[in-house]
Structure formats: C-alpha cells, structure tokens
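Protein chains: 4
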Amino acid sequence: MSADRPGKPLKVALFGSGRIGHVHARNILANPELELVAIADPFIDGARALAAGTGAVAVSTADEVFGIEGLDAVIIGSPTSTHVELISRAAAQGVAALCEKPIDLDVERVLACRDSLRGNETPLMLGFNRRFDPNFSAVQARVAAGEIGKLEQLTIISRDPAPAPAAYIASSGGIFRDQSIHDLDMARFFVPEIIEVSATGSNLFCDYIEEAGDFDSVVITLRGRNGEQITIINSRHSAFGHDQRLEAFGSEGMLTAGNLTPTSVRKFTAAGAEEADPYLNFFLERYADAYRSELDSFAKAVRAGTACSPGFDDGLQALLLANAAEESARSGRVVKIGQA
Amino acid sequence: MSADRPGKPLKVALFGSGRIGHVHARNILANPELELVAIADPFIDGARALAAGTGAVAVSTADEVFGIEGLDAVIIGSPTSTHVELISRAAAQGVAALCEKPIDLDVERVLACRDSLRGNETPLMLGFNRRFDPNFSAVQARVAAGEIGKLEQLTIISRDPAPAPAAYIASSGGIFRDQSIHDLDMARFFVPEIIEVSATGSNLFCDYIEEAGDFDSVVITLRGRNGEQITIINSRHSAFGHDQRLEAFGSEGMLTAGNLTPTSVRKFTAAGAEEADPYLNFFLERYADAYRSELDSFAKAVRAGTACSPGFDDGLQALLLANAAEESARSGRVVKIGQA
Amino acid sequence: MSADRPGKPLKVALFGSGRIGHVHARNILANPELELVAIADPFIDGARALAAGTGAVAVSTADEVFGIEGLDAVIIGSPTSTHVELISRAAAQGVAALCEKPIDLDVERVLACRDSLRGNETPLMLGFNRRFDPNFSAVQARVAAGEIGKLEQLTIISRDPAPAPAAYIASSGGIFRDQSIHDLDMARFFVPEIIEVSATGSNLFCDYIEEAGDFDSVVITLRGRNGEQITIINSRHSAFGHDQRLEAFGSEGMLTAGNLTPTSVRKFTAAGAEEADPYLNFFLERYADAYRSELDSFAKAVRAGTACSPGFDDGLQALLLANAAEESARSGRVVKIGQA
Amino acid sequence: MSADRPGKPLKVALFGSGRIGHVHARNILANPELELVAIADPFIDGARALAAGTGAVAVSTADEVFGIEGLDAVIIGSPTSTHVELISRAAAQGVAALCEKPIDLDVERVLACRDSLRGNETPLMLGFNRRFDPNFSAVQARVAAGEIGKLEQLTIISRDPAPAPAAYIASSGGIFRDQSIHDLDMARFFVPEIIEVSATGSNLFCDYIEEAGDFDSVVITLRGRNGEQITIINSRHSAFGHDQRLEAFGSEGMLTAGNLTPTSVRKFTAAGAEEADPYLNFFLERYADAYRSELDSFAKAVRAGTACSPGFDDGLQALLLANAAEESARSGRVVKIGQA
C-alpha cells in the first residue's frame, strides 16, 4: 500500500476501455499522484489501443490485474454486471477501488456485497462524479455553511442531450437506475436522509424506450427527514445540449448552478440578443473538471488512508431511491423509505 | 349593453375597495374604453376613499350597483364568499363580469352556479391575471406556434415573498386553492387537459400555517392528456421577492420566462459580480402590466360581444385541480381527473 | 400661474404634432397634474389629428398659443429653428417651458438667448429625456451616493437602430449636435464639469451621410475637472435595435445599465442558448418611461415654483461640447473647454 | 531540430523563473510535444526551485542554455531587457523562440534587431497570449468569417485588478508599453492595419504611478485603414477583479466576450439577485487556457516548420502603437502611423 512508499505515485489499474475508461485513463496520466500500470478489457484491442504509449500494460482478465505486484488501486469502469465482483476482489486484496455507479442493478446483490464487506476498511469510492462538479459542489458547500439559511426546496433539472441506443437502454436498468440515480445521489448530497419518494414517468418521444417498457421522461419528488422538498426533472433528450442545473432554495435566499457554455461569447442580431453558444453537449465535456477532481479526491483519500466519499452506502442508498421511484411511478403511490 | 352605445365607454362598477380593488380602479380610470360609475363595499369608508375624485359613487350594497341605469359590466374584487352570488346576479341581469379567482372554495357551489348559468351568454371572465403577463403569454403563444416542437415538460416556480397573515390563511381555503390555483391555471393555459395530479406538502417555516392545518410549501406534479409532465413548486415565502418563473421544454428547444427587476442596473464589486436589483416584491408590481392587459382584454370582449377567456369553466377546472392536489398530498396517492 | 389655482391641473400647450409631439400629448393626457389646452403646428392638419378627442384646440401659430387665457406652460416639440423664439416668448410672458434639445444649432444665438433671459426666473427645462430613464438615473444616483467610491471612467454606448433620412440629416446639425448631444449631456449628468474633448469620426456605411459632410460613426473622449475619463461611442445604425448602455467605473466597483428587452423570455435551441428577444427598437419605446417621468418632473417643478433640471445652461453646455467634438474630429486635436 | 527527430518531444529551455516562468514551466511539463530540459535564471535559487522534480537542469546563464545539445526551442520569460539578446542568439543558432512581450521598450533596438534577423527563418513567436484566449479568439474568428458583416467599431475594456508595485512601474516603460500593449495587439488581431492613434491619460488613484510620471488610467482611440474605430479603455486597478472584455460591432450585429467567473453559481437574496461569483482575479487564472493554447500553437508551428503567429512584426507594431498613444496623450494631437 501507499503508506509503504511515500512520495511514489500510486499504482493504478483501470477496468474498461470504453468512453468512461478513456476519461479516467487521461486523468490518471495527468495526475502526478497516480501511475497507470494496467488497462483491462476482455475486448483486448480496446485495452491495447488505450494503453498505447502510456506505459500501461493491456490485459484481458481481472486475474492479471490483481496479480500485479504492489497494485494500490483500481478504477472500475467496466460494465455494471462486473462491479460487485471487482469491488469484492479489490477489498479482499486490500486494493483501493473507485467504482462507477451503480454498484449493481439488483439490490439484493448489493446488500449481499455490503454484508461481505463488513469490517473491511479498504478504501472504496463510488463514482458519483457530479458531487465534484465545481458548480454543484460550491452550491452544496455554501448551503451547508448556512449562506441561505435552512434548505427548504431543491430543484434538480437533468436532461441528456439524446437517448442512448436501444441496446444500451435494454440493459440499463431503466431511466431511474441509469439516469436519475445521479440526481438521486445529488439530492442526498444536499439532504442525506430521504424519507419519501414519489415519481411519474411518461413516454413522449422515443419509441424504442417505450418498447423496452421504460420511460423517456420522469419527474421525481422526494421528501427529506426535515420536510425538505426535492424535485428532480429528467428527460432522455434535450435539443440544446446537456441540461444540468440545480436550485437550492432556503429560508434566506437561493443559490443556483447553471449550464456551461464553451466560451463567454454572446451574439446580438436583429433576430435576438445576448445569445450564448450552445451548451456543452454531454457529460464528458460538461463534467471534465468533475472527473479530474473526483480522481484527485480518491487519490488523496487513498494516500491519506481516510474514508472515501461518496462511498458504498451512498451507492446503495441511491439505488434504493431509484427503485422506490420506479415503484411509485408504476403504482401511483408515495413510497416510504425505511432503513436498508 | 355596449352595442347600444357605440363609441361611449362601458359603464363599470367595482366590487371591493381592498388591495385588488385599488388595482382595478386605477386601471379602469386609465382605460378610455371604460367609465367607473360605482365602487361598492359594505365597508363604505373604503369605497368612499377609493371613489374620491374619480367621478364614481360609493355604495355599500349590490342592490345599489345592479340598480344603476345602463350598467355594462362589474369587476368583482370582493371576498371569495360573495363571488357566486355576484356572478349570478350579473348574469341574470345581462351585465358582463370580471371575477377574481376563485369562483368559490366549495366545488359543489361552483357546480350549482355553472348549472344555473347554462344557456346564459352574458360575458364572464375569471381573473387569472397571469395569463396576461407579457412574459408568460409570450412563452405560451410561442409554444402554441410550435417554436419548440411538441411541449414535453413544463416547470412553474411560484413563491410569494411572505406568508399572508394568520387571519387570511384561516379563510384562504389552503395553499392549493389560494396560491397554487394560479399555477394550476397556468398549467392549463399550456396544457388544457390534465388527467392526473400528485402533490406533496410540507411545513417548513410558518407556525401559524401549520396550526391552521395548511402547508407552507408544496410541490405538484400534473400529467396532461398527451403525457406532458408539469411540475409546480410553491412556497409561501421567498427572501428575494416574488419568485415567478416558468420553463417550457419541448422536443426542439426550451423557452423560459424569468423574474423581473425594476431596472437593468448591475453591480460589480469585490464581493460579487453582475448583481441585479432585488426582484419586484409582490404581485401588485410584478403583474401590473398583466392586470392592465386583463382589463383591456375584458373590455374588448365585452365591446365585441365575444367570449371571455379565461372563463367560468377555467375557474372550475383550476379548483378541481387544487382539490385533487390537496387530496393527493393528504393521501399519498395520484389522483385521476375525470370530467366534472 | 399655477400658484393662483391650487388643485387645478396646469394648462399646457404643445408645439409640434410630429413624432415627439405625439409622445408628449399622450403623456400630458395621462398626467392628472396637466391639462392639454392647445396643440400648435403650422401644418394644421397634424395639429387637428393629434388634438381630436382630447379637448385641446388645434392652432397654427404661436400667437394663438400665447393668447390663451391662464396658460401655465408650453411643451416645445417643434423644429429646432423655432426653439429660441418660443423659449423667449414663453419666458417674457411668464409661461413655463419644456423645450426639446437642442436650444439651437448656432451657439451665438444660444448665447444671445441666454443673455436676454438673464434675471428671468420663469421655469425652463431642457428635454434631455435620458436623465429620467429609470436605469440611467438609478446608476447616476447610486454613483452620487458613493456606492462605487470615486467615479473614474464612464463609458456610454449609444447607437440608433437606423440612420434618419437624408433630408433630416441635412438639417440635423451633424451627428455631434444631433445624436451625441444626448450622450454629452449624459456625461455631464455624471460629471458636470468637462475640461477637454477629443473625437474622431468615420464614414462606414451610409453614403448620404458622407455626401452631407457628416459622419455616421463617432467616438468621443472627454476629461472631467477631476481627471475622470468619459468615452462615448456612437453609431447611426445598429442591427440589433436601439443600443443604449452605460458603465460607471469607480474606485470601489462598477454599476452598469443595459439594454431593454420587451419580455424576460429566453430561448434555448441547438443553435444557441439564453437568446433574449430583440431589443426595444427605438427611443419612443426605449424611453417611454423616461418621457413620462420627465414630464412629471417638469409639472412638479412648475407647480412648486422650483428650478427645473436640466435647464437652459445644460442645453448650452451640451452644445458647446458637441461643437468641441466636431472641431476635434476635424482638426485631430484635443479641444479645451473654457467658460462660456 | 525537430524535423530530425520525428515523434520525439521538442527539447525546450525556459528563461526566467518568475511568475510567468511558472506558468510556462507547468504548461511545458503537461504538453506531450515538449520536454523541459533547462530553466535559466541568474537568480539560480529560483531556477532550482522551479526545476526541482521536473527533470530539467537549473542554470544561471544563457551560454549554458545555448550549449545544450539538440536544443529545439526556448521560451523567453526573463526581464524585457534580455529579450533582444536572447531572440538574436536563438535565431543565430536556429533555435525556435517564444518571447514574452514586449521585444524591447526601445523601438530603435527593436528595429535593429529586426534588421539583424532579416533572412533568418527560425521560428519566432511573440507572447501575446490573449490572441489564444478561447473567448477573444472565437469572436475574432467569427468576425473574420463575416458573422456580423463588416466590422465597424471594436471596444476593448482591460483593467488590471491592482497596480503593480512602484519598483515594477518604474521599469515598466509606462502603462501604454506595459499594459495597453496587449490591447493594442488585440486591436491589430481584429484590424491589422492601424493608421491613427489618439489617447488620453489620467492620474486618478495611485500616487506612486503619478510620481513616476506615468498614468494609471488611459483611453486610446484607433482608426483602421478602412475607417474602423477601436476604443481601448485601461485602468491599473479594478475592485471586482481582472476586467477583460471586448465587443465587436459590425454592420449586421455584435459579438461580445465577457469576464469569467470560477463557477456558474448565482446568488439571490433580499439584497440583490443573480449575483455571480467575483471574477477571476488576474491573468494567471484568467488566461490559463490562453497560455496553454499559445504554447500548443508554438509547438505545432515549430514541429511543422511553419511561421509563428503572432510574430516579431506584431511585437514591433504593438510597440509603435504604444509609443504613438503615449505621444498623443502627451501632445493632445492625433498621431498618424506610417510604415516602420
């Protein structure tokens, strides 16, 4: 572990060479605290392409990764179905892990995993990257510092630019577990204890989502322990780019975080005034800073031996809320959240 | 009726000399299409004070008003409990009426009133002034014109600057029927046919509202006939003034209408940049243009002998939605809207 | 004079039935302090059309106006060449006057007029309407109150939507005396004592302005007594509507006043985000509030018998600055401003 | 040279270990095209501290730098007085150079340097970093692409957060050559050929700048070959942070680039609405992207063997304009720009 090698970068292996794998690989390489030693993907060509010129080895199995001498940490960006196993192996071997959300789509598997990890203090971080977005995290910190008094209503608007392909949708676990889960975690970032969930879903524009029995548009209402009202508005598309905003309304004021434009340029013509550039299109651009900052936070926690945040329980709680939202949307009833 | 006296202003009487009475009185006086002939209030001193110097007579009873020779129209700004009777008398006598919302707090009385008015074509307008706000009406017109494709999600944020006094709250009919009803009508302005309502209420800051068995903060989710999702977020207070915004999100874009500042001045200091003036504080300032435009629309419709919009049925539908929202917030269940 | 008839509205006559005459007529009619008794225009049909239904008489000569019994005030919105004579007659007769800018294009005539008025205390106001714009006047008041410390740099951007017709340009006195004069007065609203003027002019887009020996685009730099730097940027056209802004930069911060949109609506599409409506197109809309407020200020001063502001000397000083700017643009030298 | 070693990073040495040296060092280390081999500073401790852990050697003389085997490029971030000599040595040795502005404060030395470089095609780039700011460069590119028709007026507002210390001011060459030179280059980025300069300077807040015979606030007006009007407004301080904006006004519209905030957070309270965070404080943060992009552009040009832009002549022209501005501010006359 790192404590044994002060000053040397942490040896990190990356699972997954897809879109999110590329983000993590680039950030690991740019982070002086981290050394990328391996990229693992059963689709070995993907691993090789990503590893080229980085000094990392490309491997196809977890066994090869966990056999690396002096491995400090793994970043798990492989498909959801692999998360529980990789988390478990890392923990068993004392290797820190940063795992993309969700832990698993099956809450029973997640609970079993939790039980098996009990007592194991190997650092484990859940990849709710938006907690590290400088805009959202600034609002959260300022609310926590009391700048707007007591938080009363939180509004989260979160729309993807375009629906994922049909194949992705089919195995996504549905909009609540795939898309809304980020916003449910954001709700918990501000109001950790949620006691009620109600939700509604619609099929407004995407046939293949409807055919998959999933919704393309949802609204979720949460209630916190102290009566806080949280509203999440999601859509699987947005003509004007990734729509990622929130408003924290408190007894003494409001703090908002808005969408991001690539530049500060504004255009004025006879057709309209003050027109901004189109918004950053999707999460890779929108959350570029957040991913960097997330990795940095992970590296620091591992190095310091402190607990990672968000952690396993945050992943579990977000999944329970997503399940509750789905249940509410299907039943037309408010769902109470107990202790899992 | 007006048709008999082309070119002459319509003779108008005003019920109520309170806050909203003052707004209407000033607008009638400034409108060349209208002549203010009487102001009625059982609190005759209020009527007299408002009538002073206007040429209108101050009276204390409806009988006096309806006895005025050649009366063309009444503006009903007296307490809610008087609305049904005044609407009925005006209609019976063929006098046009512009009545403040709600028609009544008791849906049975409203339905009975509706039945009694059947076949009577005397112009009757409901005072949902926000439909005449230049910002909201521009969004509605542009959405209706297809500028953002098909409307999918509508978000209405509506917060009063401060709670009304305890006495007002006690007879207000509750937040859904008193405050949210404006937003429920706004929802119907965009999506006339609502099929489902769900709502949640909290007590976050005002003891006397809680003691009255009412909520100070609510979130309402509506579903339209075509699956449209409408979210209404209400609070009885707002530290930064009257918070009145909406966002119409469609398949091809979004149109929003924001809060209003008294000037375009912005301030830049070491403490912060681009600070706008505090928002207009309450509805009298925020909707000054809307009240003027509403009265103008009423005058034009009466003069032209065309139907008023919004009309009696809009008042009824908004009340039914408010009742449904209350029922949902109390029961934790989605409430389906049938045909009333 | 008004002092003799407390409580009654002031009797006002209007010279000129053109564009600005219409603005003043409408505002006089809406102002309970004022009674419009006559509209004068040698083009008597214009006067008649504007007077129709207002209760005012239409006349074609100044003699008829000044023969009106009990006349309290005149609003001079007739051509510039008539201003000096009408101001003089009003003052001689003790009739208050609100005169559009400029007093005259010929500074010698203005100085002679000033001399002839010496000792005469009849109220006289110059129509620099922008001092009454709620945005600019708020900035000026807040700067004067010390909100940004000591004023150091003032930037005024002022562009008309489109050039006036060739015939107007020919008799306008040139861009400095016709357009910039408003901004030069605005400069003096913030920094009354200007000691140096430098200017540059270009011909960038309008042939007939160039043929008239005039500029279509100018930049003026002024220096105040305390070293304040004031920049005025003018153009005779602007594709995006009337561009009317200013920035007051001080030792402790900055206050700005921006352009006005008809609504708060913003549009978001794949082409761009946060697009506002096109700006209000020209001065009649942009300064509607300012004209109302200007007339109100005039009425109050006349009623109270206090001095009007801006007054005759403000008109003279703005003209001297305009002449200095022209001289600088022609000579390529800074022009010092002495005492006139 | 690079052409001999395809695929290998360029060997780069850095002159200067001060504030700007730190920026360049960090960017070189993060750029895979570049290898930092040496840091030179007569203050060897500074060089050593900056070189620590980077793999670069710390040296105290230019001789040591130019003796490095296979050196491809130098970044000149040492004091202005060293620029001409280092540029000359680099060119003589065929080593590419990126030199901070200005080339020299003495135009004769610059002209002599230019003559001595004639015929030498070694890449040489001038460090006008703002040309690489994504906001300004986007406006420039869109103007060049004709998006707003013909450019007519360009307004550049550029204020530093606080004056440099007295010692720096004394050797800075004055505000025109030290601060305005960036804006004069920005003017040439949009309008390469300037034919007239006029300027005014004031002493408004800083005693030691006045004692040094320098100004703390200046306004410069330029005229381009086609009559374009360019206004530059500078101050040595700004209470609200680094104020760096520009507006390009054309025949068909306007494009603006505004100040940058660290986040998109906005605050709403009873005191004011929509308050943004304080602006990024100074050039190291404000132009972080620009410095990175500038270095990238330099590396690409050196690698490709193409001409660098901005180049030596841009440095010369900006200096000539700064001198002309100073002359104008001292003489009160427009200064014509000839061919140097």
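Chains as they are written, first to last, in the working numbering: chain C, 46 to 385; chain Z, 46 to 385; chain E, 46 to 385; chain G, 46 to 385.
Note that the Cβ used here is the ideal one computed from N, Cα and C, for glycine as well.
Spatial neighbours of G303 (chain E) in its chain, beta-carbon cut-off 8 Å, leaving aside the 5 residues before and after: Within the third sequence, residue 303 (chain E) is the residue found at index 258, counting from 1. So the list reads N180, R290, once near-sequence residues are dropped.
Integer-rounded CB distance, given that L365 (chain G) should sit under 8 Å from V152 (chain G): As a first step, residue 152 (chain G) must be located in the fourth sequence, where it is residue number 107. As a first step, residue 365 (chain G) must be located in the fourth sequence, where it is residue number 320. With a Cβ gap of about 7 Å, V152 (chain G) and L365 (chain G) count as contacting.
9 Å Cβ cutoff, D117 (chain G) in contact with chain Z: Here residue 117 (chain G) refers to the residue found at position 72 of the fourth sequence. At a cut-off of 9 Å between C-beta atoms, D117 (chain G) does not count as an interface residue with respect to chain Z.
Helix, strand or coil at A48 (chain G) according to DSSP, with G and I counted as helix: Numbered from its first residue, the fourth sequence carries residue 48 (chain G) at position 3. Interpretation of A48 (chain G) is limited by its pLDDT of 42, a score under 50 that renders its predicted location unreliable; the figure taken from the coordinates is listed afterwards. A48 (chain G) falls in the helix class under three-state DSSP.
Cutoff 9 Å: G350 (chain G) Cβ touching any chain C Cβ: Counting from one through the fourth sequence, the residue named residue 350 (chain G) turns up at place 305. Residue contact check for G350 (chain G) against chain C: no CB pair falls below 9 Å.
is_contact[F285 (chain Z), chain G] using C-beta, thresh 9 Å: As a position in the second sequence, residue 285 (chain Z) is number 240, starting the count at 1. Yes, F285 (chain Z) lies at the interface with chain G (some Cβ there is under 9 Å from its Cβ).
Host alpha helix (DSSP H) of Q362 (chain Z) (start-end): The residue labelled residue 362 (chain Z) in the question sits at position 317 within the second sequence. Segment 357-376, the alpha helix (DSSP H) holding Q362 (chain Z).
Residue-level contact to chain G via CB, E241 (chain E), 9 Å cutoff: Start at 1 with the first residue of the third sequence, and residue 241 (chain E) comes out as number 196. Taking Cβ atoms only, chain G reaches closer than 9 Å to E241 (chain E), which makes this a yes.
Below-9 Å beta-carbon distance, Q198 (chain E) vs any chain G residue: In the third sequence, counting from the first residue as 1, residue 198 (chain E) sits at position 153. Residue-level contact check: Q198 (chain E) touches chain G, since one or more beta carbons of chain G fall below 9 Å from its beta carbon.
Residue-level contact to chain D via CB, A318 (chain G), 9 Å cutoff: Looking at the structure shown, chain D is missing, and the protein chains on hand are C, Z, E and G.
Euclidean distance between Cα positions of E192 (chain Z) and R281 (chain C): Along the second sequence, one-based indexing puts residue 192 (chain Z) at 147. Along the first sequence, one-based indexing puts residue 281 (chain C) at 236. Rounded to whole angstroms, E192 (chain Z) and R281 (chain C) show a C-alpha spacing of 20 Å.
Reference I73 (chain C); option with closest CA among C:A344, C:P237, C:L305, C:E273: The residue labelled residue 73 (chain C) in the question sits at position 28 within the first sequence. Nearest neighbour of I73 (chain C) by Cα position, chosen from C:A344, C:P237, C:L305, C:E273, turns out to be C:A344.
For N279 (chain G), the three-state DSSP class (helix, strand or coil): As a working mapping, residue 279 (chain G) is identified with position 234 in the fourth sequence. Reduced to three states, the DSSP call for N279 (chain G) is strand.
Contact set between K312 (chain Z) and chain E, taken where Cβ atoms lie within less than 9 Å: As a working mapping, residue 312 (chain Z) is identified with position 267 in the second sequence. By Cβ distance, chain E contributes R187, E192, I193, G298, M299, L300, T301.
Chain C contacts from the segment 263-280 of chain Z (Cβ-Cβ distance under 7 Å): Legend: CB atoms of the segment 263-280 of chain Z lying less than 7 Å from CB atoms of chain C belong to residues V264, T266, R268, G272, Q274, T276, I278, S280.
Any chain E beta carbon closer than 9 Å to T106 (chain C): Taking the first sequence and counting its residues from 1, one reaches residue 106 (chain C) at position 61. It does not; no Cβ of chain E falls within 9 Å.
Test: A157 (chain G) CB closer than 9 Å to a CB of chain Z: As a first step, residue 157 (chain G) must be located in the fourth sequence, where it is residue number 112. Under the Cβ distance rule, A157 (chain G) does not count among the residues neighbouring chain Z, no pair being separated by less than 9 Å.
Residues in the segment 75-87 of chain G having any Cβ partner in chain C nearer than 8 Å: Taking 8 Å as the upper bound on Cβ-Cβ separation, chain C lies near residues A75 of the segment 75-87 of chain G.
Beta-carbon contacts of R50 (chain C) that lie in its chain and below 7 Å, excluding the five residues immediately before and after: Taking the first sequence and counting its residues from 1, one reaches residue 50 (chain C) at position 5. Residue confidence for R50 (chain C) is low, a pLDDT of 46 falling below 50, so the modelled location carries little weight; the figure read from the coordinates is stated next. For R50 (chain C), where only same-chain residues beyond five positions count, there are no Cβ hits under 7 Å.
Range covered by the beta strand (DSSP E) that runs through D288 (chain Z): On the second sequence, residue 288 (chain Z) is found 243 positions in, with the first residue counted as 1. Note, D288 (chain Z): beta strand (DSSP E), 288-295.
Beta strand (DSSP E) segment containing D244 (chain C), residue limits: Locating residue 244 (chain C) in the first sequence gives position 199, counting from the first residue. Sequence check: residue 244 (chain C) is Ala here, not Asp. From DSSP, the beta strand (DSSP E) with A244 (chain C) extends over 239-247.
Cβ pair I239 (chain C), I275 (chain C) closer than 9 Å: Sequence index remark: in the first sequence, residue 239 (chain C) carries index 194 (1-based). Sequence index remark: in the first sequence, residue 275 (chain C) carries index 230 (1-based). Pairing I239 (chain C) with I275 (chain C) gives a Cβ-Cβ distance under 9 Å.
The segment 84-102 of chain G touching the segment 53-73 of chain G, judged by at least three CB pairs closer than 8 Å: Counting Cβ pairs under 8 Å, three or more are found: they touch.
CA-to-CA distance, A367 (chain C) to A367 (chain Z), given in whole angstroms: Locating residue 367 (chain Z) in the second sequence gives position 322, counting from the first residue. Locating residue 367 (chain C) in the first sequence gives position 322, counting from the first residue. Cα to Cα, A367 (chain Z) sits roughly 28 Å from A367 (chain C).
Within 9 Å, strictly: CB atoms of V242 (chain C) and V380 (chain C): The residue labelled residue 242 (chain C) in the question sits at position 197 within the first sequence. The residue labelled residue 380 (chain C) in the question sits at position 335 within the first sequence. Yes; because the gap between Cβ atoms is below 9 Å, this pair is in contact.
For E80 (chain G), the residue or residues it bridges with in DSSP: Translated into the one-based positions of the fourth sequence, residue 80 (chain G) becomes position 35. As computed with DSSP, E80 (chain G) is found in a beta bridge with G:K56.
C-alpha gap between S373 (chain E) and L267 (chain G), whole angstroms: One-based indexing of the third sequence puts residue 373 (chain E) at position 328. One-based indexing of the fourth sequence puts residue 267 (chain G) at position 222. One C-alpha to the other measures close to 15 Å.
Cβ contact check for the segment 259-266 of chain C and the segment 297-311 of chain C: 3 or more pairs under 8 Å: With a cut-off of 8 Å, the segment 297-311 of chain C and the segment 259-266 of chain C do not count as touching, because too few Cβ pairs lie within range.
Buried/exposed call for N174 (chain G), threshold 16 Cβ in 10 Å: Walking along the fourth sequence from the start, residue 174 (chain G) turns up at place 129. Answer is buried; the Cβ neighbour count reaches 16.
Beta-ladder partner(s) of Q202 (chain Z), from DSSP: Position 157 of the second sequence, counting from 1, holds the residue named residue 202 (chain Z). Strictly speaking, residue 202 (chain Z) in this sequence is Ile, with Gln absent from that position. For I202 (chain Z), which the question treats as bridged, DSSP gives the partners Z:I278, Z:R290.
Interface partners of V184 (chain Z) on chain E, CB under 8 Å: Counted from its first residue, the second sequence places residue 184 (chain Z) at position 139. From the beta-carbon of V184 (chain Z), the residues of chain E found nearer than 8 Å are V310.
Exposure label - S47 (chain E); buried when at least 16 CB within 10 Å: Counting from one through the third sequence, the residue named residue 47 (chain E) turns up at place 2. Bear in mind that the predicted position of S47 (chain E) carries a pLDDT of just 40, short of 50, making it unreliable; the figure below should be weighed with that in mind. Buried, since its Cβ has 16 or more Cβ neighbours within 10 Å.
Within chain C, partners of L249 (chain Z) - CB distance below 7 Å: The count along the second sequence starts at 1 and reaches residue 249 (chain Z) at position 204. L249 (chain Z) reaches chain C at E197, G272, counting residues in chain order whose Cβ is nearer than 7 Å.
Top-ranked residue by Cα proximity to I254 (chain G), from G:G219, G:A232, G:D228: As a working mapping, residue 254 (chain G) is identified with position 209 in the fourth sequence. Distances from the alpha-carbon of I254 (chain G) to those of G:G219, G:A232, G:D228 put G:G219 closest.
Beta-bridge pairing of L267 (chain C) - partner residues as DSSP gives them: Start at 1 with the first residue of the first sequence, and residue 267 (chain C) comes out as number 222. In DSSP, L267 (chain C) forms a bridge with C:V242, C:I275.
Contact the segment 343-362 of chain E vs the segment 158-172 of chain E: 3+ CB pairs below 8 Å: Touching, yes, given that three or more Cβ pairs across the two stretches are closer than 8 Å.
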